[in-house]
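Chemist: I am attaching a structure below and will ask some questions about it afterwards.
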Amino acid sequence: MSENGEVLVKVSGADKVYRRGSEDLHILDKLDLNVPKGEFLALMGPSGSGKSTLLNLLGGIDRPTNGSVEIGGDEISMLSDRKLAWWRSRHVGFVFQMYNLLPVLTAARNVDLPLLLTNLSSKQRRKQVELALDAVGLSHRLDHYPRQLSGGEQQRVGIARAIVTDPSILLCDEPTGDLDRHAGDEILDLLDTLNREQGKTIIMVTHDPHASARASRTLYMDEGKLKTEKPE
Amino acid sequence: MKFLPIIWANLKRRKLRTALTMASVLIAFLLFGYLCAIEEAMNAGINVAGADRLIVRHKASIIQMLPMSHKERIQQIPGVQSVAHATWFGGIYQEPGNLHAQIPVVPEEYFEIYDEFILPEEQMKKWKETKTGAVAGRTTADKFGWKIGDRIPIQATIYEKENGEQMWEFDLVGIYDSDKEGADTTQFFFRHDYFDEAQTFAEGMIGWYLVKVDDPDQADAIAKTIDEQFANSTFETKAETEAAFTRGFAAQIGNITAIMIAIMSAVFFTILLVAGNTIAQSVRERTEEIGVLKSLGFTNPQVLALVLGESCFLSTLAGGIGLGIAFWLISMGDPTGGNLPIFYLPTRDLVTGVICMILLGLLTGIAPAIQATRLKIADALRRAA
Ligand SMILES: Nc1ncnc2c1ncn2[C@@H]1O[C@H](COP(=O)(O)OP(=O)(O)OP(=O)(O)O)[C@@H](O)[C@H]1O
Ligand SMILES: [Mg+2]
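Those protein sequences? They're chains A and B, same order as listed.
Here the first sequence stands for residues 3 to 234, numbered as in the working numbering.
Here the second sequence stands for residues 929 to 1313, numbered as in the working numbering.
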């Protein structure tokens, strides 16, 4: 692994075991991963191989059975639930395949959600929300509800929500999985821009080789470990 | 309160369901408010009854009269501060439906004992100078548009004058108020000497005595002494505290408070199920969204607050409107046009209502709220995919 900067994400010997009935499923098996700051990393692999599981560990919404997950020097698997929640609000932005916007809130209010956890005044929040929506090219859609937006637009709102608190790392689980080629390309362009111009570290799960081609590196999930080569 | 827009948006998610739930909560609290006013009216007086006041009536019944000569003997009993008397005149003003009490009294004696009634000094002075003078409570004066100086004709039903005349005329010299919640400001008082001279039906007789005692703790003992005093005489008495007297009166119509509590418990329980179901369903539908909120960094206490906020918002908004409507309806006055002279919503019941709303909100929200906090983010998001 050739890294010419500080390591932002460091996973060492991570196991994730699920029990199904009487049998243990080793989804992640002594997995190691290093991601330098500013990288755009793609994760590929067959369905059920554990890509989302890994992303959940990185984002602090799940804990490894064994092993450590260090992000920016913090050992997040050891944090209490409350500290972990606070850590998430500061350091990561999630982008989901199904956008996962709150249907009852407008685009602006959806983007505002993470800011509710900060001490910003409503005026400051409004400004941040406008900046984020502007960055994804949706400054004219502030008061639209998700159902009034196309899939691509909804995903851009999702990205605005992920970046509004200015986290250092973006975790994207099949962000283009539900979009057509054109809309998908726009999302990939956007992620690319965020990576290059704002230095965001991006880890993106995808099934689409066209998408992974945009990343600076691609790793393959296979039998609970990450490989640099696509397995047979 | 940054969460309020989210709470509001969530309630608007299923407008019909929220509206129906709110309507049932609203009606429940409207009913609650109205029943409270009726209960208060039925038990009127118990809550304002002075602990240091006794009512002394004929042992057989309140409609049998007592001789004026009892007064001095009562006055002499140790612990008695002052004695006044009153009589039920039972007249009609204009129409039989106008049911306010008219009572002949000795002005200064009566108003000294009923010190919750406020009558300006110069009006009292005028009353003492005017034999045909009368004072009315503010509520009744307002109801009929009476002003000081008006002549008030009252048609007698029991006490006709010596010449067979049934119409009594009084000069309104004063209007009394009260600063005590629940005090009866519908009564009409006139001078007993005028009454006693003009009628022949029961000369030298009065309806009942009012006794003020020095020490409320001695009230029951003094009541006993009074009754002993007149035992085995032609006019035996029954003395009791004002509260006991009024309670006995109310008991004749049944235990209103118990009936009301029974009705309200049933209503509250039903509402608990209805509103509880609404909140539970609405949270269940949002499993994935709650997962998203948590992934954004919302903590369990914050998620708890969001759900409880939603249930409490629903119950206090709907309940508040219901109680507000009840308050407004009640302030329009006695629905029977006179049978319930004291008709208002006591502050105590308003407070109880608000506490019930908050309780309802917490009870209906707590189970779904805890369920929401237990939700694992990864599971919540997976369920959606
Ligand atoms: N809570 C759980 N209990 C039991 N098994 C689970 C649980 N969560 C995930 N799994 C299993 O772990 C495996 C990996 O799931 P994961 O979602 O990480 O796969 P994935 O690589 O993201 O697949 P896809 O490409 O379909 O999204 C799957 O077989 C899944 O059924
Ligand atoms: Mg997945």
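Yeah, the Cβ is synthetic: ideal placement off N, Cα and C, and Gly gets one too.
These numbers come from a predicted model, not from an experiment.
I need the DSSP call for B/VAL1282, collapsed to helix, strand or coil.
Modeler: DSSP places B/VAL1282 in helix when its eight states are reduced to three.
Chemist: If A/GLY139 and A/ARG158 are in contact, beta carbons under 8 Å, what's the gap, nearest whole angstrom?
Modeler: So it is a contact: roughly 7 Å between Cβ atoms.
Chemist: Using only the alpha-carbon positions, how far apart do B/VAL1282 and A/MET80 sit?
Modeler: If you take the alpha carbons of B/VAL1282 and A/MET80, they lie about 44 Å apart.
Chemist: Whose CB is closer than 5 Å to a heavy atom of ligand 1? List the residues in chain order.
Modeler: Every residue passing the under-5 Å Cβ criterion appears here: A/TYR20, A/ILE29, A/SER49, A/GLY50, A/SER51, A/GLY52, A/LYS53, A/SER54, A/THR55.
Chemist: Quick one: list the residues of chain A neighbouring B/GLY1319, beta-carbon separation under 7 Å, in chain order.
Modeler: This structure does not reach residue 1319 of chain B, given that chain B is present from 929 up to 1313, and the question cannot be answered.
Chemist: Which value, in whole angstroms, describes the spacing of the CA atoms of B/TRP1136 and B/ASP1112?
Modeler: Near 18 Å, if we compare the C-alpha coordinates of B/ASP1112 and B/TRP1136.
Chemist: For ligand 2, any of its heavy atoms closer than 7 Å to the Cβ of A/VAL207?
Modeler: Yes, ligand 2 has a heavy atom inside 7 Å of this Cβ.
Chemist: Tell me the rounded alpha-carbon separation between B/GLY1250 and A/ALA87.
Modeler: Their Cα atoms are separated by approximately 40 Å.
Chemist: A/ASP175: beta carbon under 7 Å from a heavy atom of ligand 2?
Modeler: Checking every heavy atom of ligand 2 against the Cβ of A/ASP175, one is found closer than 7 Å.
Chemist: What is the DSSP secondary structure of B/PHE1017, reduced to helix, strand or coil?
Modeler: Coil.
Chemist: Does DSSP put A/VAL11 in a helix, a strand or coil?
Modeler: Residue state, collapsed to three classes: strand.
Chemist: Can you confirm whether A/VAL13, when its beta carbon is compared against all beta carbons of chain B, has any partner nearer than 8 Å?
Modeler: Taking Cβ atoms only, chain B never reaches closer than 8 Å to A/VAL13, which makes this a no.
Chemist: Just verifying my parser: in three-state terms, what is the DSSP assignment at B/PHE1117?
Modeler: Note: B/PHE1117 maps to strand in three-state DSSP.
Chemist: List the residues of chain B that A/ASP191 touches, going by C-beta distances under 8 Å, in chain order.
Modeler: Per Cβ cutoff of 8 Å: no residues; A/ASP191 is ~25 Å from chain B at best.
Chemist: For B/PRO1269, count neighbouring Cβ atoms within 10 angstroms of its own Cβ and tell me buried if that reaches 16, exposed if not.
Modeler: Buried, by the Cβ-count rule.
Chemist: Have a look at B/LEU963 and B/ALA969 and give me their C-alpha separation to the nearest angstrom.
Modeler: For B/LEU963 and B/ALA969, the distance between alpha carbons rounds to 10 Å.
Chemist: Closest Cβ-Cβ distance between B/GLU1217 and chain A: below 8 Å?
Modeler: Judged by the 8 Å Cβ criterion, B/GLU1217 is in contact with chain A.
Chemist: Using CA coordinates, which residue listed in A/SER51, A/GLY40, A/GLU25 is at the minimum distance from A/ASP224?
Modeler: Nearest option by C-alpha distance: A/SER51.
Chemist: Take B/LEU1303 and list the residues in its own chain whose beta-carbon comes closer than 7 Å to its own, dropping the five residues that flank it on each side.
Modeler: Correct list, in chain order: THR1215, ILE1218, GLY1219.
Chemist: Since A/ILE165 meets chain B, which of its residues come closer than 9 Å, beta carbon to beta carbon?
Modeler: The contacting residues do not exist; A/ILE165 stays about 12 Å from chain B at best.
Chemist: B/MET996 and B/HIS986: beta carbons closer than 8 Å?
Modeler: No, these two residues do not count as a Cβ contact at 8 Å.
Chemist: How is B/GLU1097 classed by DSSP in three states: helix, strand or coil?
Modeler: Three-state result, B/GLU1097: strand.
Chemist: Consult DSSP for A/TYR101 and reduce its assignment to one of helix, strand or coil.
Modeler: In the structure shown, A/TYR101 sits in coil (DSSP, three-state: anything other than H, G, I, E or B).
Chemist: Would you call B/GLN1209 buried or exposed, if buried means 16 or more other Cβ atoms sit within 10 Å of its Cβ?
Modeler: That one is exposed.
Chemist: Are there 16 or more other CB atoms within 10 angstroms of the CB of A/ASN68, so buried, or fewer, so exposed?
Modeler: When all chains shown are included, A/ASN68 counts as exposed.
Chemist: By Cβ distance, which residues of its chain are closer than 8 Å to B/ILE1318, with the 5 residues on each side in sequence left out?
Modeler: Past the edges of chain B, shown from 929 to 1313, lies residue 1318 of chain B, and the structure says nothing about it.
Chemist: When you compare the CB of A/LEU107 with every CB in chain B, is at least one pair closer than 8 Å?
Modeler: Interface residue, yes.
Chemist: Among the candidates A/ASN197, A/ILE204, A/GLU199, A/GLY186, whose CA atom is the shortest distance from the CA of A/SER211?
Modeler: Before going on, a small fix: residue 211 of chain A reads as Pro here, not Ser. The shortest C-alpha separation from A/PRO211 is found at A/GLY186.
Chemist: Using a Cβ-Cβ distance cut-off of 8 Å, determine whether A/ASN68 contacts chain B.
Modeler: No, its Cβ sits nowhere closer than 8 Å to a Cβ of chain B.
Chemist: So is A/PHE42 in contact with chain C if we call contact Cβ pairs under 8 Å?
Modeler: Any reference to chain C falls outside this structure, whose protein chains are A and B.
Chemist: Alpha carbons only, please: which of B/VAL1033, B/ILE1154, B/TYR1104 is nearest the one belonging to B/LEU1047?
Modeler: That would be B/TYR1104, whose Cα lies nearest to the Cα of B/LEU1047.
Chemist: Could you tell me the boundaries of the alpha helix (DSSP H) in which B/GLU1036 lies?
Modeler: Where B/GLU1036 is concerned, the enclosing alpha helix (DSSP H) stretches over 1035 to 1041.
Chemist: Using a C-beta cutoff of 8 Å, does A/ASP26 count as contacting chain B?
Modeler: For A/ASP26, the answer is no, since every Cβ of chain B falls outside 8 Å of its Cβ.
Chemist: Using the three-state DSSP reduction, which class does A/HIS142 fall into: helix, strand or coil?
Modeler: Here A/HIS142 sits in coil by DSSP.
Chemist: Mapping the DSSP letters down to three states, classify A/SER214 as helix, strand or coil.
Modeler: Here A/SER214 sits in helix by DSSP.
Chemist: Count the other C-beta atoms from every protein chain shown that fall within 10 angstroms of the C-beta of A/HIS184, then say buried if there are 16 or more, exposed otherwise.
Modeler: Flag for A/HIS184 reads exposed.
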